[in-house]
Structures are given as C-alpha cells and as structure tokens.
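Each residue of the sequence shown is one higher than the one before, starting from 1 at the first, in the numbering used here. The beta carbon of each residue, even a glycine, is placed where N, CA and C say it ideally should be. Have a look at the structure below before the remarks.
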Amino acid sequence: MDKVDIIRSTWAQAAASPEETARVFYSTLFQIAPQNEPLFRNDLAAQGEKLMETLGFVVDHLDDEDTWIPAAKDLAIRHVAYGVKAEDYDSVGSALIQTFETLMGDTFSTQAKATWIEVYSELSKQMIEAAYPH
1 MDKVDIIRST WAQAAASPEE TARVFYSTLF QIAPQNEPLF RNDLAAQGEK LMETLGFVVD
61 HLDDEDTWIP AAKDLAIRHV AYGVKAEDYD SVGSALIQTF ETLMGDTFST QAKATWIEVY
121 SELSKQMIEA AYPH
C-alpha cells in the first residue's frame, strides 16, 4: 500500500464515527495543551464537524497538492486571527495521532502512524509557512 492508500484507509475508520473521533481529538488536545482550550470558544460539536470536514478534504485530495495545499494555507492564515500560534501545530499533530491510537488500537499500525506523522508534518509545515512568514 502506498502513502495515500494508508492515509485513506485509516481515515475511513476515523470518519466512520465522526462525532466520536472529534470528541476524542479535542479531549486529547486539551489534555496535551490545556492552554489551547480557550481558542475553541464556539460550539465544540460544530467545531468537530469542521475538523472532520477539513481533514476529509485533505485526505480526499492528498494526491492533488494543487488543491489541498492552497486550501490548507488559507485555513492557516484564518487561524492566526483566532489566536493559533505556530507551536500549536505540534500539539494538534500529537492529539491527532493519539486519537487514532485510541480509536483504532492495534489496527493503527506502526506504518500507518509513521505515514500520518509524515503527512501531518508536511501539512503543518505548509500551514505554518503560510501563516507565519519569515
């Protein structure tokens, strides 16, 4: 299986229960980085829907960088106004991986974990560079 297939197959498992995935993600994020909780002033259920839609969009377009990279950059720039800082991307990535580990258990393989870390690292790099230019 190639990188895109690994991401899509694990995402299909997470997306099968979007409310649960979002709930576990935010719970994990707030444990890792409690300072980020005030950034989520709105309805957390609605925020979870946006999270799942955004991740779904990236996964669906993972093999089309001309589509997902500009969308991710635009999102990152908008998040600056909400108070998101460059260092927040690390805790989000950790929370995402831990969410998959929690929800999928042993079916979230070492290879899947490494692939998600690689893809999230590229995603966050693109977003940070767009939102916080040197």
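message: I'd like to know if the stretch 95 to 105 and the stretch 113 to 123 are in contact, where contact means that at least 3 CB-CB pairs between them fall below 8 Å.
response: In short, these stretches touch, since the Cβ pair count reaches three.
- request: Kindly list the residues whose CB is nearer than 6 Å to the CB of Met104, restricted to its own chain and excluding five residues on each side of it in sequence; keep chain order.
  value: In the sequence shown, the residue the question calls residue 104 occupies position 104. Excluding positions up to five away in sequence, the list reads Gln13.
task: Go to Pro38, then tell me how far its alpha helix (DSSP H) extends in each direction, as first and last residue.
output: Position 38 of the sequence shown holds residue 38. Annotation for Pro38: no alpha helix (DSSP H) segment contains it, and DSSP assigns it neither H nor E.
query: How do the stretch 23 to 32 and the stretch 58 to 74 stand: do at least 3 beta-carbon pairs fall below 8 Å, yes or no?
result: With the cut-off at 8 Å, the stretch 23 to 32 and the stretch 58 to 74 do not touch.
message: Tell me which residue opens and which closes the alpha helix (DSSP H) that Lys125 is part of.
response: In the sequence shown, residue 125 corresponds to position 125, counting from 1. In the DSSP assignment, Lys125 falls within the alpha helix (DSSP H) that extends over 110 to 131.
message: Suppose contacts are defined by Cβ-Cβ distances below 8 Å. Is Tyr89 in contact with Ile128 by that definition?
response: Within the sequence shown, residue 89 is the residue found at index 89, counting from 1. Within the sequence shown, residue 128 is the residue found at index 128, counting from 1. Between Tyr89 and Ile128, the C-beta gap is smaller than 8 Å, which places the two residues in contact.
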